[in-house]
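Residue numbers for the sequence shown follow numbering that gives the first Met the number 0, beginning at 0 and rising by one.
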Amino acid sequence: MRTLTNIEELLPELDHCIADDLEDQDLDFKQWDTKSRDKAVRIVVQMAVCMANGGGGTVVFGVADRIQGRKNAIPGVPPEIDANMLKKAVYDQTDPKIMPVFEELTVPEGTGRVLLMQIHPGMPPYTDTAGRGTIRVSKDCVPLTGTVRRKIGVETGETDYTAEAVAPIDDALLSATALEALRNQASRERAPDDLLRLSDAELLSTLGLIKQGKLTRAAILLAGTEAAIREHLPGHNWTFLQMTSDTDYGIREDRASALPLSVQRIEELLVPFNPITTYKQGMFHYEYRTWPEIAVREALMNAFCHADLRIAGPIMVKLYADRLEISNNGGFIAGITANNILHHQPAARNPLLVEALTRLRLVNRSNLGINRMFSALLMEGKEPPQIREVGDSVQVSFPKRELNATFRLFVADESEQGRKLGVDELMLLQYLLQHPEVDTNTAAALCQRGEAEMREKLSTMESAGYIEHGGTGRGAYWCIQPEFYNRFAEDGQSDARRRIGWDAAKTRVLSVLMERAKRGELGMSNKEIRQITRFDRNQVHRLMTELRQENPNLQPPGRGKYARYEFKQ
Numbered sequence: 000m001r002t003l004t005n006i007e008e009l010l011p012e013l014d015h016c017i018a019d020d021l022e023d024q025d026l027d028f029k030q031w032d033t034k035s036r037d038k039a040v041r042i043v044v045q046m047a048v049c050m051a052n053g054g055g056g057t058v059v060f061g062v063a064d065r066i067q068g069r070k071n072a073i074p075g076v077p078p079e080i081d082a083n084m085l086k087k088a089v090y091d092q093t094d095p096k097i098m099p100v101f102e103e104l105t106v107p108e109g110t111g112r113v114l115l116m117q118i119h120p121g122m123p124p125y126t127d128t129a130g131r132g133t134i135r136v137s138k139d140c141v142p143l144t145g146t147v148r149r150k151i152g153v154e155t156g157e158t159d160y161t162a163e164a165v166a167p168i169d170d171a172l173l174s175a176t177a178l179e180a181l182r183n184q185a186s187r188e189r190a191p192d193d194l195l196r197l198s199d200a201e202l203l204s205t206l207g208l209i210k211q212g213k214l215t216r217a218a219i220l221l222a223g224t225e226a227a228i229r230e231h232l233p234g235h236n237w238t239f240l241q242m243t244s245d246t247d248y249g250i251r252e253d254r255a256s257a258l259p260l261s262v263q264r265i266e267e268l269l270v271p272f273n274p275i276t277t278y279k280q281g282m283f284h285y286e287y288r289t290w291p292e293i294a295v296r297e298a299l300m301n302a303f304c305h306a307d308l309r310i311a312g313p314i315m316v317k318l319y320a321d322r323l324e325i326s327n328n329g330g331f332i333a334g335i336t337a338n339n340i341l342h343h344q345p346a347a348r349n350p351l352l353v354e355a356l357t358r359l360r361l362v363n364r365s366n367l368g369i370n371r372m373f374s375a376l377l378m379e380g381k382e383p384p385q386i387r388e389v390g391d392s393v394q395v396s397f398p399k400r401e402l403n404a405t406f407r408l409f410v411a412d413e414s415e416q417g418r419k420l421g422v423d424e425l426m427l428l429q430y431l432l433q434h435p436e437v438d439t440n441t442a443a444a445l446c447q448r449g450e451a452e453m454r455e456k457l458s459t460m461e462s463a464g465y466i467e468h469g470g471t472g473r474g475a476y477w478c479i480q481p482e483f484y485n486r487f488a489e490d491g492q493s494d495a496r497r498r499i500g501w502d503a504a505k506t507r508v509l510s511v512l513m514e515r516a517k518r519g520e521l522g523m524s525n526k527e528i529r530q531i532t533r534f535d536r537n538q539v540h541r542l543m544t545e546l547r548q549e550n551p552n553l554q555p556p557g558r559g560k561y562a563r564y565e566f567k568q
């Protein structure tokens with residue numbers, strides 16, 4: 000939500016843009032309808048419902064959202080409109096009841112006042128008393144359809160499909176093999192011994208998987224027989240395909256087994272295609288797989304835990320010659336996207352199932368699983384996984400890459416020295432091994448962090464001696480330290496790929512232009528100068544403007560695609 004001070008600081012921006020440009024997920028501007036008080040009040044109620052369903056926010060009444068120029072864009076709210084009357088109207092006309100907070104901001108324009116309606120986050124879905132509702136999505140209020148309401152129910156835990164008790168406790172429904180696999184996997188992750196020593200029924204009960212004397216769907220998913228799973232969880236199954244092309248496959252397996260058996264079997268199917276690379280260091284031999292086991296395990300657990308089991312369709316594992324893809328039905332929830340998944344607050348589609356697996360230490364509720372997945376690949380000098388939402392499904396793709404043994408050894412050495420590299424550092428170092436430099440915006444997008452946070456991270460990496468920076472202000476950029484680049488890349492190109500200094504660039508460009516003039520050759524275009532200096536188009540323009548001021552013999556470039564800077568005596 001936005002404070003009075005926040006809005007007061009935003010209003011001057013209306014001289015340069017319209018209010019719609021300032022709106023966001025938690026902020027909306029609305030012009031007050033002076034022709035009909037009833038209509039104006041209905042809009043207040045509608046916006047209260049919209050914001051409450053969207054996680055809360057601020058609505059500013061008395062500001063037109065399509066007019067530029069502060070004077071005309073703030074007609075204000077009539078002085079006779081009472082905030083207490085609006086508060087009562089919202090309370091009376093919403094279900095469940097919404098209790099907004101109204102604040103008044105004095106302005107010099109229009110009626111002299113605008114009203115801020117503050118909607119605190121609650122427990123959606125909310126509607127008006129007639130059952131109508133919308134939800135805030137970015138800058139818009141979209142209809143609260145059945146699909147959206149179901150999604151809200153999932154996000155709030157009210158409709159946990161796995162928590163429903165569906166069958167009486169019966170040993171015939173439980174798989175001894177699945178329970179053994181569950182205990183073995185939990186034991187490897189150091190789950191509490193006293194928990195794993197419990198009998199089958201006691202274990203399931205302690206994990207909260209038995210309710211009112213019945214097995215929940217989560218219990219059957221973790222420990223049920225295939226017959227029980229097909230009866231009570233018809234949406235749970237998986238398919239493994241070893242693809243020989245984009246349309247043909249060689250090996251295929253389809254199963255509807257319990258979750259621990261499913262993960263175990265898929266890992267077995269991957270073994271022949273996930274070879275080990277042995278790296279010798281002194282007296283030790285280290286073994287690394289093409290796709291780190293921890294990364295594959297985390298991706299599989301995520302797919303099975305967060306699948307929408309009400310949608311008929313398998314967990315898909317597709318093995319291509321150049322990548323491994325794991326996907327599940329059920330898109331992102333609770334505002335998670337591919338662009339914020341590294342740091343977003345975790346959310347579970349199947350809370351009871353996730354809670355049980357958390358207690359068994361097979362998944363992590365602190366959103367560490369995604370970071371582990373990224374870290375396992377990055378520390379071996381490989382690309383991070385590509386995560387994307389495809390319709391109502393989520394797909395994780397692991398590119399097939401070779402181990403960079405030198406980089407892996409460097410990460411291990413740094414860890415031994417007490418300098419453990421996190422996902423941000425690994426991501427930036429890997430990026431800078433592939434690209435000459437990175438600016439703050441690119442680094443922030445890459446690491447899914449804010450710019451201020453990213454500048455601090457880059458500064459810390461520079462202090463540690465990993466990277467160095469050039470330029471100032473908005474033109475600041477960072478590149479990897481030359482000795483690090485030569486250590487990892489071993490192509491001797493550390494100097495050639497670095498941007499040269501401003502004065503050095505002037506000297507270099509002027510020298511080339513003079514040599515070309517002596518030989519009677521054409522001068523240089525902006526593009527050619529960019530290639531020499533590694534500056535961007537605007538930087539080259541500024542460089543050449545300064546150079547022409549210092550050297551009268553430099554001719555202006557002219558216009559069009561054949562424009563060139565020439566040196567003439």
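For each residue, glycine too, the CB sits at the ideal point set by N, CA and C. Source: prediction; values computed, not measured.
Per DSSP, reduced to three states, the secondary structure at residue 164 is strand. Per DSSP, residue 368 lies in no beta strand (DSSP E); the unbroken alpha helix (DSSP H) holding it starts and ends at 367-377.
Where residue 414 is concerned, the enclosing alpha helix (DSSP H) starts and stops at 404-415.
The beta-carbon separation of residue 407 and residue 378, rounded to 6 Å, stays under the 8 Å limit for a contact.
In chain order, 467, 468 and 477 place their CB closer than 8 Å to the CB of residue 461, counting only its own chain and leaving out the 5 sequence neighbours on each side. Listed in chain order, the alpha helix (DSSP H) elements of length 4 or more contained wholly in the segment 233-316 are 258-269 and 292-304. Rounded to whole angstroms, the gap between the alpha carbons of residue 40 and residue 118 is 16 Å. By the Cβ criterion, the segment 522-537 is in contact with the segment 560-567, since at least three pairs of Cβ atoms, one from each stretch, lie closer than 8 Å.
Residue environment: residue 380 is assigned as buried (16 or more neighbouring CB atoms within 10 Å of its CB, all protein chains considered). The bridge partners DSSP lists for residue 501 come to none. Under the three-state reduction of DSSP output, residue 564 falls in the strand class.
The beta carbon of residue 74 lies closer than 6 Å to those of 109 in the same chain, with the five residues before and after it left out. Secondary structure note for residue 540: its alpha helix (DSSP H) is the uninterrupted segment 536-549. In the structure shown, the three-state DSSP call for residue 430 is helix. With a contact defined as Cβ atoms closer than 8 Å, residue 488 and residue 432 qualify at about 6 Å. DSSP places residue 0 outside both helix and strand once states are collapsed to three, so it counts as coil.
Looking from the CA of residue 303, the closest CA among 537, 536, 240 and 256 belongs to 256. By a beta-carbon distance limit of 8 Å, residue 447 does not contact residue 363. Their separation comes to about 18 Å.
When Cβ pairs closer than 8 Å are counted between the two stretches, the segment 246-262 is seen to touch the segment 180-190, the count reaching three or more.
Judged by their CB atoms, residue 217 and residue 176 are not nearer to each other than the 7 Å cut-off. The Cβ atoms of residue 311 and residue 234 sit closer than 7 Å to each other.
Its chain contains 104 as the residues whose beta carbon lies nearer than 8 Å to that of residue 7, once the 5 sequence neighbours on both sides are disregarded; these appear in chain order.
Annotated three-state conformation of residue 60 is strand, per DSSP. Using a C-beta cut-off of 8 Å, the segment 264-281 makes no contact with the segment 347-356, since fewer than three inter-stretch Cβ pairs fall below that distance. DSSP places residue 231 in the uninterrupted alpha helix (DSSP H) bounded by 225-231. Excluding sequence positions up to five before and after residue 509, its CB lies within less than 7 Å of the CB of 546 and 550, all in the same chain and listed in chain order. The shortest C-alpha to C-alpha distance from residue 473 to any of 484, 464 and 454 is the one to 454. The distance from the Cβ of residue 166 to that of residue 213 is about 6 Å, consistent with a contact at the 8 Å cut-off. Beta-bridge partners of residue 467 (DSSP): 478. For residue 29, the enclosing beta strand (DSSP E) begins and ends at 26-29.
The C-alpha of residue 209 is placed about 51 Å away from the C-alpha of residue 439. Beta-bridge partners assigned by DSSP to residue 392: 328 and 389. Restricting attention to 125, 296 and 226, the CA atom closest to the CA of residue 397 is found in 296. A residue is called buried once 16 or more other Cβ atoms fall within 10 Å of its Cβ, and residue 98, having fewer, is exposed.
Of the candidates 411, 199 and 205, 411 places its Cα closest to the Cα of residue 280. In the three-state reduction of the DSSP assignment, residue 144 falls in the coil class, being assigned neither a helical nor a strand state.
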